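Only one structure is covered here, and it is reproduced in the block below.
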Amino acid sequence: MTLARFACAIPFALLVSACAPNTTSAPASEPGAPAPLSAEGDFGATLQGALINAKPGDTIVMPAGTFALADSLSLDVDGVTLRGAGQGVTVLDFAQQSGAGEGLLVTSDDVTLTDFTVRDTKGDGIKSKGADRITYKQLTVEWSGEPDETNGAYGVYPVESKDVLVENVTVRGASDAGIYVGQSSNIIVRNSVVEFNVAGIEIENSTGADVYGNIARNNTGGILVFDLPDLPVSGGNATRIYANQIFANNTRNFAPAGNIVAGVPSGTGVIIMANRNVHVFDNAFENNRSAHVLITAYSLPFTDAAYNPLPRDIVIRNNTYSGGGDDPQGILTPLAEALGGALPPIVWDGVSTWPGATEAQTVNLTIAEAPEVGFLNFGIPSYPLDPATLAPSPDRPASTPPAEPAAIVLAHVKE
Amino acid sequence: MRAAALLLAALLAGLVSACGLAKGGGPDMGVILAEAPAEKLSGYGLFADMADAVPAAGVVPYDLINPLFSDHAAKHRLVFVPGGERAAYSDNDVFAFPVGTVLVKTFAFAPDMRAPETSAYRVETRLLIHKAAGWVAYPYIWNDDGTEAVYAPIGGKRTIETITPAGTPLTIQYAVPNQNQCKTCHQAGDALSPIGPKARNLNHGGQLEDWVAKGLLDQLPPSAPASAAVYDVSLPLEARARAWLDINCAHCHKPDGSASNSGLVLSATETDPVKIGIGKHPVAAGRGAGTLFQVIVPGAPDRSILAYRMASTEPGVAMPELGRSVPDPEGLALVRDWIAEMEPR
Numbered sequence: 250m251t252l253a254r255f256a257c258a259i260p261f262a263l264l265v266s267a268c269a270p271n272t273t274s275a276p277a278s279e280p281g282a283p284a285p286l287s288a289e290g291d292f293g294a295t296l297q298g299a300l301i302n303a304k305p306g307d308t309i310v311m312p313a314g315t316f317a318l319a320d321s322l323s324l325d326v327d328g329v330t331l332r333g334a335g336q337g338v339t340v341l342d343f344a345q346q347s348g349a350g351e352g353l354l355v356t357s358d359d360v361t362l363t364d365f366t367v368r369d370t371k372g373d374g375i376k377s378k379g380a381d382r383i384t385y386k387q388l389t390v391e392w393s394g395e396p397d398e399t400n401g402a403y404g405v406y407p408v409e410s411k412d413v414l415v416e417n418v419t420v421r422g423a424s425d426a427g428i429y430v431g432q433s434s435n436i437i438v439r440n441s442v443v444e445f446n447v448a449g450i451e452i453e454n455s456t457g458a459d460v461y462g463n464i465a466r467n468n469t470g471g472i473l474v475f476d477l478p479d480l481p482v483s484g485g486n487a488t489r490i491y492a493n494q495i496f497a498n499n500t501r502n503f504a505p506a507g508n509i510v511a512g513v514p515s516g517t518g519v520i521i522m523a524n525r526n527v528h529v530f531d532n533a534f535e536n537n538r539s540a541h542v543l544i545t546a547y548s549l550p551f552t553d554a555a556y557n558p559l560p561r562d563i564v565i566r567n568n569t570y571s572g573g574g575d576d577p578q579g580i581l582t583p584l585a586e587a588l589g590g591a592l593p594p595i596v597w598d599g600v601s602t603w604p605g606a607t608e609a610q611t612v613n614l615t616i617a618e619a620p621e622v623g624f625l626n627f628g629i630p631s632y633p634l635d636p637a638t639l640a641p642s643p644d645r646p647a648s649t650p651p652a653e654p655a656a657i658v659l660a661h662v663k664e
Numbered sequence: 037m038r039a040a041a042l043l044l045a046a047l048l049a050g051l052v053s054a055c056g057l058a059k060g061g062g063p064d065m066g067v068i069l070a071e072a073p074a075e076k077l078s079g080y081g082l083f084a085d086m087a088d089a090v091p092a093a094g095v096v097p098y099d100l101i102n103p104l105f106s107d108h109a110a111k112h113r114l115v116f117v118p119g120g121e122r123a124a125y126s127d128n129d130v131f132a133f134p135v136g137t138v139l140v141k142t143f144a145f146a147p148d149m150r151a152p153e154t155s156a157y158r159v160e161t162r163l164l165i166h167k168a169a170g171w172v173a174y175p176y177i178w179n180d181d182g183t184e185a186v187y188a189p190i191g192g193k194r195t196i197e198t199i200t201p202a203g204t205p206l207t208i209q210y211a212v213p214n215q216n217q218c219k220t221c222h223q224a225g226d227a228l229s230p231i232g233p234k235a236r237n238l239n240h241g242g243q244l245e246d247w248v249a250k251g252l253l254d255q256l257p258p259s260a261p262a263s264a265a266v267y268d269v270s271l272p273l274e275a276r277a278r279a280w281l282d283i284n285c286a287h288c289h290k291p292d293g294s295a296s297n298s299g300l301v302l303s304a305t306e307t308d309p310v311k312i313g314i315g316k317h318p319v320a321a322g323r324g325a326g327t328l329f330q331v332i333v334p335g336a337p338d339r340s341i342l343a344y345r346m347a348s349t350e351p352g353v354a355m356p357e358l359g360r361s362v363p364d365p366e367g368l369a370l371v372r373d374w375i376a377e378m379e380p381r
């Protein structure tokens with residue numbers, strides 16, 4: 250009876266896909282699961298009302314269908330699960346959104362978001378702030394059409410949170426980062442697909458992240474590990490990037506000019522900037538036209554006395570590299586031209602100090618790849634860049650490999 | 037039979053007059069401290085007369101030196117502190133109000149905001165109530181007759197036709213925030229907090245002294261801080277611009293506010309130039325940064341993200357994110373003048 254009524258409420262095409270076997274849809278009903286919200290009337294108001302009235306432990310079930318939402322949504326109740334009928338089956342469409350920036354904002358702990366799509370938000374797709382032990386899984390966040398400067402910045406955007414899981418998520422079209430984890434700790438991003446974003450996955454000013462099993466393709470840059478100055482949380486460290494497929498991240502950089510990722514050269518696989526203890530291993534790199542791995546200092550002026558702009562304790566080992574480096578873009582174009590036009594798979598700016606640095610700094614960069622894997626040190630002494638001071642070298646620096654961080658364990662996730 | 041009917045009528049009459057008494061008798065602590073919000077605004081007993089907006093005894097009107105800009109709405113504020121108790125004074129923070137305190141803010145429009153009392157009508161009233169477990173925020177939307185307001189946890193929209201104080205005709209899609217959006221602005225760490233009732237916002241026209249005299253506030257120092265009135269041109273430009281940012285932005289742009297992760301701190305008490313935005317690069321602004329590189333470029337308002345976002349009405353770009361659908365032209369001019377006056381670097 251319930252199922253029949255539910256079925257009648259959704260368009261026929263969706264009904265077929267929702268009922269067809271072997272789709273990505275979630276089970277129509279679990280024992281004891283609450284009935285889906287009504288799809289009739291103003292669904293945005295129905296859903297926002299359910300999010301406000303939820304009690305800890307509740308599951309809110311969204312029906313199949315595409316719902317045009319005029320306002321952003323927010324959840325501020327701990328322990329709530331928000332579940333749709335599947336990626337692409339329950340679609341929250343924000344193309345006509347007015348008001349606040351993001352599609353869905355979560356500000357409570359122990360929340361799970363699963364089995365739905367968020368589309369065409371004006372700002373970020375789904376943001377969670379100060380939301381500990383959050384799980385994003387089986388979600389799609391996308392901006393339709395060609396990559397565009399007016400797309401929202403971040404697709405999946407946990408910030409200032411402890412214990413973050415992002416898995417089986419697809420993000421496409423973000424004008425900054427598809428999956429962005431900022432100012433957080435104890436993070437897993439896995440088994441997700443990021444494509445046609447400026448940055449596929451970005452771990453920024455965060456401590457303790459495992460990024461594995463993901464496909465980063467057709468972004469401007471595939472996977473970024475950054476640390477930035479003048480933020481409440483900095484000193485990002487202890488990230489492992491492993492067993493990812495990082496292919497053809499050659500989309501033009503369509504970030505608005507002022508954004509930090511606007512400087513990402515199109516065609517980069519992994520960028521490590523100003524972060525400490527980052528390990529990149531067992532990944533497959535293919536056809537990233539600028540460079541597969543770029544290791545760089547933060548190059549802009551800053552005043553934050555506690556900030557170290559250098560990458561430190563970096564390990565690059567046991568990855569596979571195929572194609573790429575043949576058409577360096579952005580800031581890498583003139584640098585590569587001075588060297589014959591192409592770049593090897595692994596490129597380091599060579600910067601080892603900055604204006605205002607008080608003592609000698611050690612980058613401690615370990616390149617533990619087969620001898621035939623090319624490496625280039627631009628030999629830039631410090632920023633701002635003065636082309637006259639370049640001292641390029643193919644020699645891998647001497648180093649003491651740092652201990653690899655332990656695997657991230659999330660207390661709220663049953664493995 | 038007849039006797040029974042009479043008895044019933046008498047009982048009902050008694051009930052009605054009891055209710056009337058409760059209302060006429062002022063704020064109802066049972067309703068104020070109840071776990072759930074009252075369905076109707078009248079239920080709290082904060083008004084002696086709802087239709088004429090007459091506050092009940094013990095409910096005190098107050099105002100701020102500089103109000104937050106909310107699409108040109110007129111705002112009427114009331115405070116109720118339970119009998120026998122007082123708020124504790126603070127130089128920089130919101131006063132520490134006792135449990136049972138209610139802050140009432142009513143948003144009203146008139147057909148012509150140059151005469152805001154003529155044919156004025158109330159759109160919404162927001163309550164901040166200090167319950168035993170902390171502050172809560174409840175939105176209420178007024179009926180068309182202006183006789184009652186009903187609890188509206190998911191907010192609402194209303195088209196407003198008016199003429200601005202500067203004489204410009206304006207149509208606004210006015211948004212009553214939902215209960216979660218209340219928290220976005222009223223967040224202080226994990227809790228909710230009032231924004232306005234700080235010494236520097238209240239300290240004009242003898243208002244603080246009046247609060248002490250009425251028993252709302254425990255004490256006053258010899259000299260309490262006061263914000264610059266933003267449109268008093270006899271005052272320094274910087275003080276006025278910082279005061280505008282303080283009341284319009286700092287509720288989110290503070291270290292424990294909703295925008296803490298931006299690193300941009302716009303409280304009047306912040307002194308670090310980078311935290312205020314001078315020479316600061318955006319972090320997560322996305323297309324909110326437009327084609328610009330710094331929050332404030334000294335001497336160059338057209339190149340400053342701060343002014344760009346204040347001037348925008350586009351979701352994802354416009355700041356503040358909530359509470360306005362049109363820009364504040366005077367506030368924008370003030371902040372632009374301040375940036376223009378800064379020594380270029």
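Chains A and B are the protein sequences, given in the same order.
Residue numbers for the first sequence follow the numbering used here, so the first one is 250 and each next one is one higher.
Residue numbers for the second sequence follow the numbering used here, so the first one is 37 and each next one is one higher.
Beta carbons: idealized from backbone N, C-alpha and C, even for Gly.
Remember, it's a predicted structure, so these values are computed and weren't measured experimentally.
Return helix, strand or coil for Phe559(A), following the three-state DSSP convention. Note on identity: in this sequence residue 559(A) is Leu, with Phe being the wrong assignment. DSSP places Leu559(A) in coil when its eight states are reduced to three.
Taking only beta-carbon positions, decide if Asn297(B) is within less than 8 Å of chain A. Using a CB distance cut-off of 8 Å, Asn297(B) counts as an interface residue toward chain A.
From Asn239(B) to Gly136(B), what distance separates their C-alpha atoms? Their Cα atoms are separated by approximately 24 Å.
Considering only the beta carbon of each residue, do Gly221(A) and Ile520(A) sit closer than 8 Å? Chain A is shown from 250 up to 664; residue 221(A) falls before or after that span and cannot be answered.
Please determine, among Pro478(A), Arg566(A), Val420(A), the residue with the shortest C-alpha to C-alpha distance to Arg489(A). Distances from the CA of Arg489(A) to each of Pro478(A), Arg566(A), Val420(A) were compared; the closest alpha carbon is that of Arg566(A).
Considering Cα atoms alone, identify which of Ile199(B), Lys167(B), Leu252(B), Arg236(B) is closest to Ala124(B). If we check each option's Cα against that of Ala124(B), Leu252(B) comes out closest.
Short CB-CB distance (under 8 Å) between Leu358(B) and chain A: Chain A, which has a Cβ nearer than 8 Å to the Cβ of Leu358(B), makes this yes.
Of all the CB atoms in chain A, is at least one closer than 8 Å to the CB of Pro291(B)? Cβ-Cβ to chain A under 8 Å: yes for Pro291(B).
Gly573(A) (DSSP reduced to helix, strand or coil): DSSP, reduced to helix, strand and coil, places Gly573(A) outside both helices and strands of the structure shown, so it counts as coil.
Contact set for Gln209(B): own chain, Cβ-Cβ below 7 Å, skip 5 residues either direction: Contacts found: Lys193, Thr195, Ser361.
Can you tell me the Cβ-Cβ gap for Asp369(A) and Asp412(A), rounded? I've got them flagged as a contact below 8 Å. In fact, because the Cβ distance is near 30 Å, the residues do not count as touching under 8 Å.
Counterpart residues of Met522(A) in DSSP-defined beta bridges: Per DSSP, the beta-bridge partners of Met522(A) are Phe475(A), Thr545(A).
The beta strand (DSSP E) that contains Tyr344(B), what's its start and end? Boundaries for Tyr344(B): no beta strand (DSSP E) harbours it, while the alpha helix (DSSP H) harbouring it runs 341–347, taken from the DSSP string.
Would Phe105(B) count as contacting chain A if we go by Cβ distances under 8 Å? Not a single CB atom of chain A sits nearer than 8 Å to the CB of Phe105(B).
Between Tyr157(B), Phe143(B), Lys167(B), Pro257(B), which lies nearest to Val212(B) when the distance is taken from Cα to Cα? Selected option, being the one with the closest Cα: Phe143(B).
So, with DSSP's three-state summary, where would you put Asp644(A)? Shown here, Asp644(A) sits in coil according to DSSP, grouped into three states, outside any helix or strand.
With a CB to CB cut of under 7 Å and the five nearest residues on each side skipped, what residues in its chain are close to Tyr570(A)? Result list for Tyr570(A): Phe534, His541, Pro594, Val622, in chain order.
Using beta carbons (cut-off 8 Å, strictly below), is Thr381(A) in contact with chain B? Rather than Thr, the amino acid found at residue 381(A) in this sequence is Asp. Look at Asp381(A): its C-beta is not under 8 Å from any C-beta on chain B.
How big is the Cα-Cα spacing for Ile657(A) and His528(A)? Going by the C-alpha atoms only, they are around 13 Å apart.
Under 8 Å, Cβ to Cβ, is there at least one residue of chain A near Thr195(B)? Not one beta carbon of chain A lies nearer than 8 Å to the beta carbon of Thr195(B).
Contact set for Phe105(B): own chain, Cβ-Cβ below 7 Å, skip 5 residues either direction: Closer than 7 Å at the Cβ level, and outside the excluded window around Phe105(B), lie Asn284, Arg360, Asp364, Gly367.
Whole angstroms is fine: what's the gap from Arg150(B)'s alpha carbon to Pro201(B)'s? Between Arg150(B) and Pro201(B), the alpha-carbon positions lie close to 5 Å from each other.
Can you pull the chain A neighbours of Lys316(B), defined as C-beta to C-beta under 8 Å? Within 8 Å Cβ-Cβ: Asp479.
For Gly404(A), count neighbouring C-beta atoms within 10 Å of its own C-beta (all shown protein chains included) and say buried if the count is 16 or more, exposed if not. When all chains shown are included, Gly404(A) counts as buried.
Is there at least one Cβ from chain B nearer than 8 Å to Thr517(A)'s Cβ? By the rule that beta-carbons nearer than 8 Å mark a contact, Thr517(A) does not touch chain B.
Measure the beta-carbon distance from Asn526(A) to Ser515(A) and round it to whole angstroms, keeping in mind my assumption that it falls under 8 Å. Their Cβ separation, rounded to whole angstroms, is 28 Å, which puts Asn526(A) and Ser515(A) out of contact at 8 Å.
When the Cα atoms are used, what is the spatial distance from Val96(B) to Ala146(B)? Taking the Cα positions, Val96(B) is about 23 Å away from Ala146(B).
Gln330(B) versus Gly94(B): straight-line alpha-carbon distance, rounded: Each residue's Cα considered, the two are about 49 Å apart.
Exposed or buried, which one is Thr220(B) when buried takes at least 16 other CB atoms within 10 Å? Buried: at least 16 other Cβ atoms inside 10 Å.
Is the beta carbon of Phe503(A) sitting closer than 8 Å to the one on Glu664(A)? No.
In terms of alpha-carbon separation, which member of Val115(B), Lys234(B), Ala173(B), Ala92(B) lies closest to Ser303(B)? The shortest Cα separation from Ser303(B) among Val115(B), Lys234(B), Ala173(B), Ala92(B) belongs to Lys234(B).
Taking DSSP as the reference, what is the three-state secondary structure of Lys311(B)? Reduced to three states, the DSSP call for Lys311(B) is helix.
C-beta neighbour in chain A for Gly242(B), strict 8 Å: Not one chain A Cβ lies under 8 Å of Gly242(B).
Going along the region 409–420 of chain A in order, which residues come within less than 9 Å of chain B, judged by CB to CB distance? Hits within the stretch, in order: Glu409.
Identify the contact partners of Asn557(A) in chain B, using a Cβ-Cβ distance below 9 Å as the criterion. Below the 9 Å Cβ cutoff, chain B contributes no neighbours of Asn557(A), its closest Cβ being approximately 17 Å away.
Could you check where the alpha helix (DSSP H) with Val248(B) kicks off and where it finishes? Bounds of the alpha helix (DSSP H) holding Val248(B) are 243–250.
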